[in-house]
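Participant: Below you will find the structure I want to go over with you.
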Amino acid sequence: MKHRGRHRRRRRGRALRATLAGTALALTAAATMISTSQATDADDPGALKPLTTAADTAPLRLTEHAVPGSELDRLTASMGPAVGVGAVLADPDGALEDADDCGDDDRRALPVEPAVTTAYCWPQRDTDGWRAGAVTTSGDADEDGRWGAHRVILSGWTRGSGTPAGQGLARIAFVAADDDGTPRYTWALLAVPVDGGRDFRGLGSDVSGMVWYQDKLLVTAGRGEGGALYVYDLDRVQRATVDAGTVGRVPGGWSAAGARYVLPAVASYATAGADAPRPGGIALDRTTVPESLVVHEATAPDEEGPTRLWRYALGPRPGYGPLLRTEPVAVYETELTQVRGVLAHRSDWYVSRATGAPEERGTLWRQDTKGASPVRCGADETYRCWSGPATSLSYWQATGDVWSQSGRMLFALPLAAVDEALER
């Protein structure tokens, strides 16, 4: 359980040194060479369109499926006592590298505008074959921005079906982002209990969205998983006992495809039917009452749009605790396509999108029901200023920073800087 108390606010990230600044200048110069006539990202998508009919909202209604407590208890009895976040952080697998020690190819994944204020890269030896996905933080989990004594970042990663385990896999890194040195991380495999809690399998889905809300972690799931969102209890982390490429019960114990920890799902949410819109990216909005989960629709790369955005309320329900409410409370439509990240703050929606090939830069827009504004950069004010591969946005209210992940880069920048770049 969370140990609450008064904590001093951590100063906003360590300043990036001249190497990173030089890289940003080079990226800005490159951005000015891209013509905004190449794609529709230069077109004004206009205002968000509210969708209010039952035909629009009913497909977004969620059905909750809880894993029976008896199954979770059976798994715990077989694997050994569960551990909490603090124990995982105290047992790191490695450390992130400061941005100015990272290679130029990695740093090219950073946004051109606005400039990042904090950035790290993941060691290649620990991420080869894995694709970076969503990010959430202890800033989502609690208003003071800490979990127990720690500031924590959760970083999601996915590996495709061509694995020794014969299936797609998803894992998260618990990153200790405290003041006292380089962030250190520990891997945990995302799993789903099977066979009545006698075994588990890996979550075979891209991790395109994550939100840590109180002691629960919400993770998006692809269509093959049968659920739109999976729920994990961060007080139920289990230890793997066998170091192997397989997943689940094995001779001599339990294996998590090389990870030393396992996080079994405790529930899932499904949207209404196989053809219903599914969450792509998610984020927490603390500015609503009650607090809410904001969502962008998952779409195929070649889909022409428009794209739906919506929110679900979060809050206590009698007998259930602080869980997700299943009826959408607001639904909108944006003309933007290839949306890869969403964030909502007050009446503003921040939407990032990919543009064309993976090596091309993305765009970042702020929209509301009155209009839209893009981040611009370079002498010709191109809109292609954001990171192309970045997949999610997470707002840390206690510091005012937005966190994201792109390729092997984990980075943050102030939301105020985003607004300033939008209003130039």
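Those letters in the sequence shown? Residues -39 to -1, 1 to 385, by mature numbering (1 follows the signal peptide of the UniProt record, and there is no 0).
We put the CB at the ideal spot given by N, CA and C, even for glycine.
Determine the DSSP secondary structure at arginine 184, reduced to helix, strand or coil.
Facilitator: Counting from one through the sequence shown, the residue named residue 184 turns up at place 223. Arginine 184 falls in the helix class under three-state DSSP.
Participant: Measure the alpha-carbon distance for cysteine 338 versus valine 208 and round it to whole angstroms.
Facilitator: Residue mapping note: residue 338 aligns to position 377 of the sequence shown, counting from 1. Residue mapping note: residue 208 aligns to position 247 of the sequence shown, counting from 1. Answer to the nearest angstrom: the Cα atoms are 46 angstroms apart.
Participant: With 8 angstroms set as the bound, which would you pick, yes or no: does the beta-carbon of glutamate 384 sit closer than that to a beta-carbon of chain D?
Facilitator: Note that chain D does not occur in the displayed structure, where there is just one protein chain.
Participant: How far does the alpha helix (DSSP H) with alanine 378 in it reach, from first residue to last?
Facilitator: Here residue 378 refers to the residue found at position 417 of the sequence shown. First-last of the alpha helix (DSSP H) with alanine 378: 376 to 383.
Participant: For tyrosine 273, which residues does DSSP report across the bridge?
Facilitator: In the sequence shown, the residue the question calls residue 273 occupies position 312. DSSP output for tyrosine 273 lists Leu254 and Pro289 as bridge partner(s).
Participant: With a cut-off of 8 angstroms on the beta carbons, I'd call residue 390 and glycine 323 a contact; round off their distance for me.
Facilitator: The displayed coordinates of the chain run from -39 to 385. Any statement about residue 390 would go beyond what the structure contains.
Participant: Using 8 angstroms as the cut-off, can you tell me whether the stretch 35 to 55 makes contact with the stretch 140 to 157, which would need three or more C-beta pairs spanning the two stretches below that distance?
Facilitator: yes
Participant: Going by C-alpha to C-alpha distance, which of Asp167, Arg221, Val292 and Val223 sits closest to serine 253?
Facilitator: Position 292 of the sequence shown, counting from 1, holds the residue named residue 253. Nearest option by C-alpha distance: Val292.
Participant: Taking contact to mean at least 3 C-beta pairs separated by less than 8 angstroms, is the stretch 214 to 222 in contact with the stretch 234 to 246?
Facilitator: Pairwise C-beta distances place the stretch 214 to 222 out of contact with the stretch 234 to 246, as fewer than three of them are shorter than 8 angstroms.
Participant: Quick check on this structure: which residue in Arg239, Trp347, Pro42 and Trp271 has the alpha carbon closest to the alpha carbon of arginine 200?
Facilitator: Indexing the sequence shown from 1 puts residue 200 at position 239. For arginine 200, the nearest C-alpha among the options comes from Pro42.
Participant: Leaving aside the five residues before and after glycine 368 along the sequence, list all residues of the same chain whose C-beta is less than 7 angstroms from its C-beta, in chain order.
Facilitator: Here residue 368 is taken as the residue at index 407 of the sequence shown, counted from 1. Taken in chain order, the residues that qualify are Asp67, Ala70, Ala93 and Pro350.
Participant: Apart from the five residues just before and just after leucine 224, which ones in its own chain have a Cβ nearer than 6 angstroms to its Cβ?
Facilitator: Mapped onto the sequence shown, residue 224 falls at position 263. If we look at leucine 224 and ignore the five residues flanking it on each side, its Cβ neighbours are Ala149, Leu151, Tyr193 and Val198.
Participant: Quick one: give me the first and last residue of the alpha helix (DSSP H) that serine 99 is part of.
Facilitator: Locating residue 99 in the sequence shown gives position 138, where the first residue counts as 1. Element bounds for serine 99: 99 to 102.
Participant: Output yes or no for whether 8 angstroms exceeds the beta carbon distance between residue 387 and proline 267.
Facilitator: Nothing can be reported for residue 387, as the shown portion of the chain is limited to -39 through 385.
Participant: When you compare each of Pro251, Cys346, Arg269 and Glu265 to glutamate 258 by their alpha carbons, which one comes out closest?
Facilitator: Looking up residue 258 in the sequence shown gives position 297. Among Pro251, Cys346, Arg269 and Glu265, the Cα nearest to that of glutamate 258 belongs to Arg269.
Participant: Quick one: Cα of alanine 137 to Cα of glycine 47, how far?
Facilitator: For the purposes of this step, residue 137 is taken as residue 176 along the sequence shown, with counting starting at 1. For the purposes of this step, residue 47 is taken as residue 86 along the sequence shown, with counting starting at 1. Between the alpha carbons of alanine 137 and glycine 47 lies a distance of about 9 angstroms.
Participant: With DSSP run on the structure shown, which of helix, strand or coil describes aspartate 67?
Facilitator: For the purposes of this step, residue 67 is taken as residue 106 along the sequence shown, with counting starting at 1. Of the three classes helix, strand and coil, the one that applies to aspartate 67 here is helix, per DSSP.
Participant: Would you call the stretch 346 to 362 in contact with the stretch 101 to 113, where contact means no fewer than 3 C-beta pairs closer than 8 angstroms?
Facilitator: yes
Participant: What are the start and end residues of the beta strand (DSSP E) that includes serine 313?
Facilitator: In the sequence shown, residue 313 corresponds to position 352, counting from 1. For serine 313, the enclosing beta strand (DSSP E) begins and ends at 309 to 314.
Participant: In three-state terms, what does DSSP make of glutamate 32?
Facilitator: Taking the first residue of the sequence shown as position 1, residue 32 is located at position 71. If DSSP states are grouped into helix, strand and coil, glutamate 32 belongs with the helices.
Participant: Pull the bridge partners of serine 334 from the DSSP assignment, please.
Facilitator: Position 373 of the sequence shown, counted from the first residue, corresponds to residue 334. Serine 334 pairs with Arg327.
Participant: Relative to the C-alpha of glycine 183, which candidate in Ala235, Val73, Phe161 and Trp173 has its C-alpha closest?
Facilitator: The residue labelled residue 183 in the question sits at position 222 within the sequence shown. Closest option to glycine 183, Cα to Cα, is Ala235.
Participant: Counting C-beta neighbours from all protein chains within 10 Å, is the total for proline 262 16 or more, i.e. buried, or is it exposed?
Facilitator: As a working mapping, residue 262 is identified with position 301 in the sequence shown. Answer is exposed; the Cβ neighbour count stays below 16.
Participant: Identify the continuous alpha helix (DSSP H) that holds alanine 48 and give its terminal residues.
Facilitator: Translated into the one-based positions of the sequence shown, residue 48 becomes position 87. Its alpha helix (DSSP H) spans residues 46 to 50.
Participant: Name the residue from Ala16, Ser334 and Glu32 whose alpha carbon lies nearest to the alpha carbon of glycine 158.
Facilitator: Locating residue 158 in the sequence shown gives position 197, counting from the first residue. For the residues Ala16, Ser334 and Glu32, the minimum Cα distance to glycine 158 belongs to Glu32.
Participant: Which residue marks the beginning of the alpha helix (DSSP H) containing threonine 18, and which one marks its end?
Facilitator: Taking the first residue of the sequence shown as 1, we reach residue 18 at position 57. Threonine 18 -> alpha helix (DSSP H) spans 15 to 18.
Participant: So, helix, strand or coil for leucine 9, using DSSP?
Facilitator: In the sequence shown, residue 9 corresponds to position 48, counting from 1. Judged by DSSP in its simplified three-state form, leucine 9 adopts coil rather than helix or strand.
Participant: Got a sec, what are the start and stop residues for the beta strand (DSSP E) aspartate 362 sits in?
Facilitator: Position 401 of the sequence shown, counted from the start, is the residue given in the question as residue 362. Run containing aspartate 362: 362 to 367, per the beta strand (DSSP E) assignment.
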